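Here the structure is laid out as structure tokens; the discussion comes afterwards.
Number of protein chains: 2
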Amino acid sequence: MTVTLADVAARARVSPATVSRVLNGNYPVATATRERVMRAVDELDYVVNGPASSLAAATSDLVGILVNDIADPFFGIIAGAVQSAMGRAGGGGAVGGGEKLAVVCNTGGSPERELTYLTLLQRQRAAAVVLTGGAVDDPGHGAAVAAKLARLAVAGTRVVLCGRPPLPAAGEDAGAALATLTFDNEGGARRLTEHLLGLGHRRLGYVAGPVERTTTRHRLEGHRAAMTVAGLGADLDRLTVHGPYDRRSGYEAACELLRREPGLTALVAANDTVALGVCAALRDQGLRIPDDVSVAGFDDLPFSVDAVPALTTVRLPLHEAGARAGRLATGAEAPPPGGLATMGGELVVRASTGRAR
Amino acid sequence: MTVTLADVAARARVSPATVSRVLNGNYPVATATRERVMRAVDELDYVVNGPASSLAAATSDLVGILVNDIADPFFGIIAGAVQSAMGRAGGGGAVGGGEKLAVVCNTGGSPERELTYLTLLQRQRAAAVVLTGGAVDDPGHGAAVAAKLARLAVAGTRVVLCGRPPLPAAGEDAGAALATLTFDNEGGARRLTEHLLGLGHRRLGYVAGPVERTTTRHRLEGHRAAMTVAGLGADLDRLTVHGPYDRRSGYEAACELLRREPGLTALVAANDTVALGVCAALRDQGLRIPDDVSVAGFDDLPFSVDAVPALTTVRLPLHEAGARAGRLATGAEAPPPGGLATMGGELVVRASTGRAR
DNA sequence: GGAGAGATAGAAAGCGCTTTCTATGGAGGG
DNA sequence: CCCTCCATAGAAAGCGCTTTCTATCTCTCC
Chain C
1 MTVTLADVAA RARVSPATVS RVLNGNYPVA TATRERVMRA VDELDYVVNG PASSLAAATS
61 DLVGILVNDI ADPFFGIIAG AVQSAMGRAG GGGAVGGGEK LAVVCNTGGS PERELTYLTL
121 LQRQRAAAVV LTGGAVDDPG HGAAVAAKLA RLAVAGTRVV LCGRPPLPAA GEDAGAALAT
181 LTFDNEGGAR RLTEHLLGLG HRRLGYVAGP VERTTTRHRL EGHRAAMTVA GLGADLDRLT
241 VHGPYDRRSG YEAACELLRR EPGLTALVAA NDTVALGVCA ALRDQGLRIP DDVSVAGFDD
301 LPFSVDAVPA LTTVRLPLHE AGARAGRLAT GAEAPPPGGL ATMGGELVVR ASTGRAR
Chain B
1 MTVTLADVAA RARVSPATVS RVLNGNYPVA TATRERVMRA VDELDYVVNG PASSLAAATS
61 DLVGILVNDI ADPFFGIIAG AVQSAMGRAG GGGAVGGGEK LAVVCNTGGS PERELTYLTL
121 LQRQRAAAVV LTGGAVDDPG HGAAVAAKLA RLAVAGTRVV LCGRPPLPAA GEDAGAALAT
181 LTFDNEGGAR RLTEHLLGLG HRRLGYVAGP VERTTTRHRL EGHRAAMTVA GLGADLDRLT
241 VHGPYDRRSG YEAACELLRR EPGLTALVAA NDTVALGVCA ALRDQGLRIP DDVSVAGFDD
301 LPFSVDAVPA LTTVRLPLHE AGARAGRLAT GAEAPPPGGL ATMGGELVVR ASTGRAR
């Protein structure tokens, strides 16, 4: 039924070994022979059997990119960058050539699904795995992931963390095959809050992400550090509300914070999407931005510049990080010293923040 | 080095065949034996070798989801829905159980990459392939894709088109394994323009997507149909500008259209993202929305309700379509009659459109 | 002109798993 | 008490490919 290597070999009147060599191109084959084989491949419409090839060669061209939420542009941008960096690196053009199959897996932020996908990728003997975005902030799960990644690394899978904090004590052996690109969420958040403080704001509310995420914690810590330095460390818990990374959560949190403290002059959101919800709530309450209340986001997603007013935020090098992760995953780039690189966030001041009233 | 089935068998003191049967659970195995095997699996930390298993069983658990732009929430939402519908269908908890590896592949809208990914998936003997979003509007490429899909279908891969027009005459054999869920882009676009017409607008500009996409064409056709019926079919070409599906394109197109026809009272965009750019351009020119110019988008992405003013648009059942595609891909749902189902778009009127001045 | 060096092609042994076919018990029926 | 039948388990033959080890053959150099 399906065409196999042997069929191609028969038609080209060569041995299967030769066909394999033509297809993989790492062994000298006479031009005439090669052409005969290629013709046979074309005529028979032959497509390599991936599983068979992976089994025999004990390698695979699958590269998995794990994201927390595929519908969130934050991850979309990173994943897209990873893929295109890999495509470029792969070079290819050759029939059987080093084409990597870069695929993204959506964990939906669930630790179980994350582990499941990791197992599935391990099962496929993936060439590399890229984990993007914040991790679940739980020692148990962290250890489970670290263990799984260590096993993957040992089995020869390259592991790259992109926009995620370093693994908790991964063990020596794994360290080699593991590269981490982390965002300076804490520093970015700190600078953002300092910016607000500099504008004279004293009563600021914080709309945090889900409690169990490292990203949430780091951004919150940055914010609180700035607040504390400014002598505003007292009321922090009351002026913080947690919720998912979506607009609705921002909307509701803004309402809640305003209820708790009607005198707020600034609202800092865990990310841009949440900030959008915050803006909507403010508008619905008849408050002007930034005249009555300043609003700030995080990430600088594409839509943030189009918000009205345009969002003050912290720009993360999403594209750059993704591209670098892609190169690390293909081995096109050497891992940073110590296996860890931190990428800073840049404060982007736009119209949504102004002087405190 | 790595643990194999045979190792597990040795440790559990059974034959490899038995281990395989325990793991795949489709053959009676005594409870005591099963437990012994499971214990061995745990103790050895055994993970099935996917390629070997796929080769022997001639099946794979890979499911590919092709998207045009992974950073675009339009695709993110569909892909997410496909994945979760499949996860749910797969059920599983069993160790070796029917876990599908749902992965999304980013074509970046490039026909070549689309074909490449299809080949890569074919190579992996994917269980199913879901193509999402509009196709490239080129007979040559359409035929190539159709041929490839037909081959995949023949090889036992389920093929689902989601939010994409039906294939050009796919051939009888393929028809069976191919299901198409298409959006009524044309109808939605028509109703949207009718809405504007009903508000008294007579001079409307249209910011279209890339010329070579079916989505672009269908939406444009709907718009033009409405315009023509209203007797405004004359100036259509002059009042249409094409560009990519991004905000920048919307910004530039709006400027260009205003230059061509300063008296425009409404601007219809190819999608919400583009509409955002249009709004930005209008604002920069000092024009009020909708008082001076009405703006409309398409898709009703999550951010559209937060735009200021909130965007009038056409809501597409992205989530529903994705979920259904996921079920079709796993075989959890029977294909629609004729293999084709059309999903309508719902006009959502918000604040960005008002009476013509 | 013969021998060693390259270049090129083939033979065959797996890679780790699934599955058909076969074997071995013990339970139940006559 | 023997034989048949079901329930289980094992043996072994591949699945389609890669790759090591060989086998030719053609140059090239002395």
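If you read the protein sequences in the order shown, they are chains C and B. Following UniProt numbering from start to finish, the first sequence increments by one per residue and tops out at 357. Following UniProt numbering from start to finish, the second sequence increments by one per residue and tops out at 357. Each residue gets a CB set at the ideal place from its N, CA and C atoms; glycine is no exception. The structure presented is a predicted model; accordingly, all values stated were derived computationally and were not measured.
Query                                                                                                                                                                            : Result
Hey, does Val349 of chain C have any beta-carbon neighbour from chain B nearer than 9 Å?                                                                                         : no
Compare the Cα-Cα distances from Gly187 of chain C to each of C:Leu316, C:Leu23 and C:Asp42 and report the closest residue.                                                      : C:Leu316
Would you give the residue range spanned by the alpha helix (DSSP H) that His242 of chain B belongs to?                                                                          : Where His242 of chain B is concerned, there is no enclosing alpha helix (DSSP H), although the beta strand (DSSP E) it sits in stretches over Thr240 to His242.
Got a sec, what are the start and stop residues for the alpha helix (DSSP H) Leu44 of chain B sits in?                                                                           : Thr31 to Leu44
Which runs of the beta strand (DSSP E), 3 residues or longer, sit entirely within the segment 255-298 of chain B?                                                                : 266-269 and 294-296
Measure the CB-CB distance between Gly345 of chain C and Asn106 of chain C and report whether it falls below 9 Å.                                                                : no
Check whether the segment 264-283 of chain B touches the segment 245-255 of chain B, taking contact to mean three or more Cβ pairs, one atom from each stretch, closer than 8 Å. : yes
Rounded to whole angstroms, how far is the Cβ of Val159 of chain C from the Cβ of Ala177 of chain C, which I believe are closer than 8 Å?                                        : 6 Å
Could you check whether the Cβ of Cys255 of chain C sits closer than 9 Å to any Cβ belonging to chain B?                                                                         : no
Between which two residues does the alpha helix (DSSP H) harbouring Val145 of chain C extend?                                                                                    : Pro139 to Val154
How would you call Tyr117 of chain B, buried or exposed, if buried means at least 16 neighbouring beta carbons within 10 angstroms?                                              : buried
Of all Cβ atoms in chain C, is any one closer than 9 Å to the Cβ of Pro302 of chain B?                                                                                           : yes
Between Ala83 of chain C and Gly326 of chain C, how many whole angstroms is the CB-CB distance? I'm expecting something under 8 Å.                                               : It should be pointed out that residue 83 of chain C corresponds to Gln in this sequence rather than to Ala. Confirmed, Cβ separation roughly 7 Å.
Taking Asp137 of chain C as the reference, which of C:Pro166, C:Val129 and C:Ala155 has the closest Cα?                                                                          : C:Pro166
Locate the alpha helix (DSSP H) running through Ala351 of chain B, then write down its first and last residues.                                                                  : From DSSP, Ala351 of chain B is part of no alpha helix (DSSP H); its letter is neither H nor E.
So that I know if they touch, is there some Cβ in chain B lying closer than 9 Å to that of Arg247 of chain C?                                                                    : yes
Which residues of chain B have a Cβ atom closer than 9 Å to the Cβ of Thr180 of chain C, listed in chain order?                                                                  : Chain B residues near Thr180 of chain C: none, gap ~23 Å exceeds 9 Å.
Going by DSSP in three states, Lys24 of chain B sits in which element: helix, strand or coil?                                                                                    : The displayed chain sequence assigns Asn, not Lys, to residue 24 of chain B. Residue state, collapsed to three classes: helix.
What are the residues of the segment 123-135 of chain C that lie near chain B, defined by any Cβ-Cβ distance shorter than 7 Å?                                                   : Arg123, Gln124 and Arg125
Should Gln285 of chain C be flagged as near chain B, meaning a C-beta pair shorter than 9 Å?                                                                                     : no
Helix, strand or coil for Glu346 of chain C? Go by DSSP, reduced to three states.                                                                                                : strand
If you follow the alpha helix (DSSP H) that Asn106 of chain C is in, where does it begin and where does it stop?                                                                 : Not the alpha helix (DSSP H): Asn106 of chain C falls in the beta strand (DSSP E), residues Leu101 to Asn106.
Would you please verify whether the beta carbon of Phe75 of chain C is less than 9 Å from any beta carbon of chain B?                                                            : yes
Measure the CB-CB distance between Leu311 of chain B and Val293 of chain B and report whether it falls below 9 Å.                                                                : no
Rounding to the nearest angstrom, what Cα-Cα distance links Leu323 of chain B and Ala269 of chain B in this structure?                                                           : Just to set this straight, residue 323 of chain B is Ala in the shown sequence, not Leu. Distance between the alpha carbons of Ala323 of chain B and Ala269 of chain B is about 27 Å.
Could you please give the first and the last residue of the uninterrupted alpha helix (DSSP H) stretch that includes Val8 of chain B?                                            : Leu5 to Ala12
Count the other CB atoms within 10 Å of the CB of Ser53 of chain C; is the residue buried (16 or more) or exposed (fewer)?                                                       : buried
With a threshold of 7 Å on Cβ separation, who are the neighbours of Val19 of chain C within its own chain once the five nearest residues in sequence on each side are excluded?  : Leu5, Val8, Ala9, Ala12 and Val37
Taking Leu117 of chain B as part of the alpha helix (DSSP H), name the residues at either end of that continuous run.                                                            : For the record, residue 117 of chain B in the displayed sequence is Tyr; it is not Leu. Unbroken alpha helix (DSSP H) run through Tyr117 of chain B: Pro111 to Arg123.
How about Glu114 of chain C and Val145 of chain C: are their beta carbons less than 9 Å apart?                                                                                   : yes
For the alpha helix (DSSP H) containing Gly331 of chain C, list its first residue and its last residue.                                                                          : First-last for Gly331 of chain C: undefined, no H or E at that position.
I want to verify the contact list: residues of chain C whose CB lies under 8 Å from the CB of Asn49 of chain B, in sequence order.                                               : Leu55, Arg123 and Arg125
From this set, B:Thr33, B:Arg191, B:Asn24 and B:Pro309, which residue's C-alpha is nearest Asn229 of chain B's C-alpha?                                                          : Here residue 229 of chain B is Val; the residue named in the question, Asn, does not match the sequence. Ranking B:Thr33, B:Arg191, B:Asn24 and B:Pro309 by Cα distance to Val229 of chain B puts B:Arg191 first.
Check this for me: beta carbons of Val63 of chain C and Ala150 of chain C, under 9 Å apart or not?                                                                               : no
Since Gly222 of chain C meets chain B, which of its residues come closer than 8 Å, beta carbon to beta carbon?                                                                   : Correct list: empty, because the minimum Cβ distance to chain B is about 25 Å.
Hey, is Asp173 of chain B's beta-carbon within less than 9 Å of any beta-carbon in chain C?                                                                                      : The predicted position of Asp173 of chain B is uncertain, since its pLDDT is 46 and thus under 50; a value taken from the coordinates is nonetheless stated next. No, Asp173 of chain B does not count as interfacial toward chain C.
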